[in-house]
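Engineer: Residue numbers (my numbering), protein chains in the order written: chain D, 1 to 222; chain E, 1001 to 1356. Note that beta-carbon positions come from the ideal geometry of N, C-alpha and C, so glycine has one too. If you're wondering where the values come from, they're calculated on a predicted model, not measured in any experiment. Below is a structure I'd like to ask you about.
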């Protein structure tokens, strides 16, 4: 409802449904949002009419149906999505986390990372989103650890990890804000002796993979 | 902000019997030796499993003691299968005949069978009962005859560390699909083995791990249980991290009590009380203070080297039960990794600064 809320609010996370991205006790910054602006990967706060309280969950899909737009939301650590959420129930979008007396804004790349990591599925990104992903390398928060030709990406704010294979590590180091998509494709063609189409597909695939860390399953080891 | 406070209870580790027909020198559970008693009838425990299903249960691991000592083992398998649960079984193989192998096959069970050495002398010495080796081989052959693939588990210590190649050959000959190598940790009875110098040092385990990693791939896959901090990325890609999903696991002890895992059998602090009353599973899962503390503190308050490890949020301290046994604190750094760090063997590239 436009005009009703104009300023950010703070909410405290209760429960474990958003682990590992958010933990119980985390203080989140919630910004009013028009439902049309929401995209998969965003974390929203909503209140279901008659529901027990406010829920902080991630938008995993957006559906247009006979009853209008519905947001499909899910806790990152839950096995199944919630009942569809109507846009009118949305209180706001989580845009940052408050800690040590400062607010750290969430990156779109993080949202996509957790969207993919929690579900183990490939996130489909628009060209615009892929371009935003290029800002990842400029994000000084992300730790890049090369190991041989491969590498590990680590997010110290979330503890999240993604493994990069040789091509991934090669591309990631070119996401330095100086190379554009064309430039990276050219470097790939040169380094791996592949055609433009293959190199462009590798790049697109890698940028999607940045959002779909393949390691976030659970195994039982003992 | 969630409507539910507790994560789903996905897996029950069910320590089906408090007894065992072997008396292994390295057992971390310490069951009573013998074949009788020390279990609850299925009718008494079925409601526990049923209630756990309402909390998200998808998998049950049947272990012990020796799970095949339970007189209703076949019935339990069939009923768990009918409930749609994934079934895993850990056995010493000695009680596994044609009927048991067929029942396991019918239940689609994922079976791990323990064989620690390529010969009777060493295996029987570790397992404490003459004939244990022949019994395990017989069990393995019954599994093969029933057409059920299985994993062979070998517990590593100084005496068999040089025999891994022969173990892999034995596994291939028996038709096992993989061999899991678990270095003995010094918990439970194996504390005496540690005191007697029978266990491998961290440096020896890591040297053997690297040696095997460089070995040409044989017909049987070898899975070596070291913490993820020491695994090259290629091994992690191929075999996964091999970590414990402790936040979604509950131990069901032989007498119907709950434990963090099997450790509750002999560590009173990790025995969470009886599950036999109606509603008890939910009460324990949602209200037990140790479980609540783990959910609050894992992984953010892991101590020692685990708090600085790149894999902290995935590894969760590797084995909090072992950390508790050795250091008196569920959140203590994993002893293997601590020792490696002190010896300069922890990979520097796997240490980071976490912000929460």
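Measure the C-alpha to C-alpha separation of residue 1324(E) and residue 1185(E) and round it to an integer number of angstroms.
Structural biologist: To locate residue 1324(E), count along the second chain from 1; it is residue 324. To locate residue 1185(E), count along the second chain from 1; it is residue 185. If I take the Cα positions, the gap works out to 13 Å.
Engineer: Would you identify the three-state DSSP class for residue 1182(E), choosing helix, strand or coil?
Structural biologist: Start at 1 with the first residue of the second chain, and residue 1182(E) comes out as number 182. Looking at residue 1182(E) - three-state DSSP - the assignment turns out to be strand.
Engineer: Does DSSP put residue 1029(E) in a helix, a strand or coil?
Structural biologist: Locating residue 1029(E) in the second chain gives position 29, where the first residue counts as 1. Coil.
Engineer: So with Cβ pairs under 8 Å, would you call residue 61(D) a contact of chain E?
Structural biologist: Mapped onto the first chain, residue 61(D) falls at position 61. No, no contact with chain E.
Engineer: Could you check the C-alpha separation between residue 1011(E) and residue 1243(E) for me, to the nearest Å?
Structural biologist: Here the question's residue 1011(E) lines up with position 11 in the second chain. Here the question's residue 1243(E) lines up with position 243 in the second chain. Residue 1011(E) and residue 1243(E): Cα-Cα distance of roughly 14 Å.
Engineer: Name the residue from 192(D), 55(D), 86(D) whose alpha carbon lies nearest to the alpha carbon of residue 66(D).
Structural biologist: Locating residue 66(D) in the first chain gives position 66, counting from the first residue. Checking every option, the nearest Cα to that of residue 66(D) belongs to 86(D).
Engineer: Skipping 5 residues on each side, what residues in its chain have a beta carbon closer than 7 Å to that of residue 1251(E)?
Structural biologist: Residue mapping note: residue 1251(E) aligns to position 251 of the second chain, counting from 1. Around residue 1251(E): 1013, 1015, 1258, 1259, 1260, 1261, 1262, 1264.
Engineer: Pull up the CB-CB distance for residue 1291(E) and residue 1285(E), whole angstroms please, since I reckon it's below 8 Å.
Structural biologist: Here the question's residue 1291(E) lines up with position 291 in the second chain. Here the question's residue 1285(E) lines up with position 285 in the second chain. The Cβ separation is near 7 Å, so the contact holds.
Engineer: If you run the structure through DSSP and keep just helix, strand and coil, what is residue 146(D)?
Structural biologist: For the purposes of this step, residue 146(D) is taken as residue 146 along the first chain, with counting starting at 1. Reduced to three states, the DSSP call for residue 146(D) is strand.
Engineer: Considering Cα atoms alone, identify which of 94(D), 100(D), 181(D), 169(D) is closest to residue 39(D).
Structural biologist: Looking up residue 39(D) in the first chain gives position 39. Cα-wise, what sits closest to residue 39(D) is 94(D).
Engineer: Tell me the DSSP secondary structure of residue 27(D) in three-state form.
Structural biologist: Walking along the first chain from the start, residue 27(D) turns up at place 27. Note: residue 27(D) maps to strand in three-state DSSP.
Engineer: Alpha carbons only, please: which of 1296(E), 1038(E), 1214(E) is nearest the one belonging to residue 15(D)?
Structural biologist: Residue mapping note: residue 15(D) aligns to position 15 of the first chain, counting from 1. Looking at the Cα atoms, 1296(E) is the closest of the given residues.
Engineer: Listing by chain order, which chain E residues have their CB less than 9 Å from the CB of residue 161(D)?
Structural biologist: Here residue 161(D) is taken as the residue at index 161 of the first chain, counted from 1. 1310, 1311, 1313, 1314, listed in chain order.
Engineer: Going by the DSSP bridge assignment, what does residue 74(D) pair with across the sheet?
Structural biologist: For the purposes of this step, residue 74(D) is taken as the residue at position 74 of the first chain. Note: residue 74(D) sits in a beta bridge opposite 58(D).
Engineer: Around the C-beta of residue 10(D), are 16 or more other C-beta atoms found within 10 angstroms, so that it is buried, or is it exposed?
Structural biologist: Numbered from 1 along the first chain, position 10 holds the residue referred to as residue 10(D). With fewer than 16 other Cβ atoms within 10 Å, it is exposed.
Engineer: Write down the C-beta distance between residue 1055(E) and residue 1008(E) rounded to the nearest angstrom, noting that I regard them as a contact closer than 8 Å.
Structural biologist: Residue mapping note: residue 1055(E) aligns to position 55 of the second chain, counting from 1. Residue mapping note: residue 1008(E) aligns to position 8 of the second chain, counting from 1. That pair is a contact at about 6 Å.
Engineer: Give the DSSP bridge partners of residue 1110(E), in chain order.
Structural biologist: As a working note, residue 1110(E) is residue 110 in the second chain. Looking at the DSSP assignment, residue 1110(E) forms a beta bridge with 1088(E).
Engineer: What are the start and end residues of the alpha helix (DSSP H) that includes residue 1314(E)?
Structural biologist: Translated into positions along the second chain, residue 1314(E) becomes position 314. Looking at the DSSP string, the run of the alpha helix (DSSP H) that includes residue 1314(E) is 1312-1315.
Engineer: Just the C-alpha distance for residue 1234(E) and residue 1072(E), rounded to the nearest angstrom, thanks.
Structural biologist: Position 234 of the second chain holds residue 1234(E). Position 72 of the second chain holds residue 1072(E). Cα to Cα, residue 1234(E) sits roughly 43 Å from residue 1072(E).
Engineer: Let's test the definition: count the other Cβ atoms within 10 Å of the Cβ of residue 92(D) and tell me whether it reaches 16, buried, or not, exposed.
Structural biologist: For the purposes of this step, residue 92(D) is identified with residue 92 of the first chain, where counting begins at 1. Residue environment for residue 92(D): buried (at least 16 other C-beta atoms within 10 angstroms of its C-beta).
Engineer: Taking the alpha-carbon positions, what's the residue 1335(E) to residue 1322(E) distance?
Structural biologist: Working through the second chain from its first residue, we reach residue 1335(E) at position 335. Working through the second chain from its first residue, we reach residue 1322(E) at position 322. The straight-line gap from Cα to Cα measures roughly 8 Å.
Engineer: Tell me the DSSP secondary structure of residue 1162(E) in three-state form.
Structural biologist: Your numbering for residue 1162(E) matches position 162 in the second chain. Looking at residue 1162(E) - three-state DSSP - the assignment turns out to be helix.
Engineer: Taking all protein chains shown into account, decide if residue 12(D) is buried (16 or more other Cβ within 10 angstroms of its Cβ) or exposed.
Structural biologist: Position 12 of the first chain, counted from the start, is the residue given in the question as residue 12(D). With fewer than 16 other Cβ atoms within 10 Å, it is exposed.
Engineer: CA-CA distance, residue 1147(E) and residue 1079(E)?
Structural biologist: Counted from its first residue, the second chain places residue 1147(E) at position 147. Counted from its first residue, the second chain places residue 1079(E) at position 79. So the alpha carbons of these two residues sit roughly 21 Å apart.
Engineer: Which value, in whole angstroms, describes the spacing of the CA atoms of residue 1300(E) and residue 1018(E)?
Structural biologist: Along the second chain, read from residue 1 onward, the residue named residue 1300(E) stands at position 300. Along the second chain, read from residue 1 onward, the residue named residue 1018(E) stands at position 18. Cα to Cα, the separation comes out at about 35 Å.
Engineer: Less than 8 Å between the beta carbons of residue 1187(E) and residue 1155(E), yes or no?
Structural biologist: To locate residue 1187(E), count along the second chain from 1; it is residue 187. To locate residue 1155(E), count along the second chain from 1; it is residue 155. Taking 8 Å as the Cβ cut-off, residue 1187(E) and residue 1155(E) do not qualify as a contacting pair.
Engineer: So is residue 1002(E) buried or exposed if we call it buried at 16+ other beta carbons inside 10 Å?
Structural biologist: Taking the second chain and counting its residues from 1, the one referred to as residue 1002(E) is at position 2. Low local confidence applies: a pLDDT of 39 at residue 1002(E) is under 50, so the model's placement there is unreliable, with the coordinate-based value given in what follows. By the neighbour-count rule (16 or more Cβ atoms within 10 Å), residue 1002(E) is buried.
Engineer: Contact defined as beta carbons within less than 8 Å: I believe residue 1094(E) pairs with residue 1021(E). What is the distance between those atoms, to the nearest angstrom?
Structural biologist: Here residue 1094(E) corresponds to residue number 94 of the second chain, with the count starting at 1. Here residue 1021(E) corresponds to residue number 21 of the second chain, with the count starting at 1. Correct: roughly 6 Å between the Cβ atoms.
Engineer: I'd like to know whether the C-beta of residue 147(D) is nearer than 8 Å to at least one C-beta of chain E.
Structural biologist: The count along the first chain starts at 1 and reaches residue 147(D) at position 147. Residue contact with chain E for residue 147(D): present (Cβ-Cβ distance below 8 Å to some residue of chain E).
Engineer: Taking only the alpha-carbon atoms, compute the straight-line gap between residue 1149(E) and residue 1157(E) and give it to the nearest angstrom.
Structural biologist: One-based indexing of the second chain puts residue 1149(E) at position 149. One-based indexing of the second chain puts residue 1157(E) at position 157. About 26 Å.
Engineer: Quick check on residue 1355(E) - is its C-beta less than 8 Å from some C-beta in chain D?
Structural biologist: The residue given as residue 1355(E) occupies position 355 in the second chain. With 8 Å as the cut-off, residue 1355(E) counts as an interface residue toward chain D.
Engineer: Does DSSP put residue 3(D) in a helix, a strand or coil?
Structural biologist: Translated into the one-based positions of the first chain, residue 3(D) becomes position 3. With a pLDDT of only 41 at residue 3(D), under the threshold of 50, the placement of this residue in the model should not be trusted, and no figure is reported.
Engineer: Which residues mark the beginning and the end of the beta strand (DSSP E) in which residue 1339(E) is found?
Structural biologist: Within the second chain, residue 1339(E) is the residue found at index 339, counting from 1. It is not in any beta strand (DSSP E) - residue 1339(E) instead sits in the alpha helix (DSSP H) that spans 1335-1342.
Engineer: According to DSSP, is residue 1021(E) part of a helix, a strand, or is it coil?
Structural biologist: On the second chain, position 21 is the one that residue 1021(E) refers to. DSSP, reduced to helix, strand and coil, places residue 1021(E) outside both helices and strands of the structure shown, so it counts as coil.
Engineer: Can you find the residues in the same chain that come closer than 6 Å, C-beta to C-beta, to residue 1061(E), ignoring five residues on each side of it along the sequence?
Structural biologist: For this step, residue 1061(E) is matched to residue 61 along the second chain. Result list for residue 1061(E): 1013, 1088, in chain order.
Engineer: Using a C-beta to C-beta distance shorter than 9 Å, which residues of chain E count as neighbours of residue 152(D)?
Structural biologist: Start at 1 with the first residue of the first chain, and residue 152(D) comes out as number 152. Going along chain E in sequence order, the residues near residue 152(D) (Cβ under 9 Å) are 1233, 1310, 1349, 1350.
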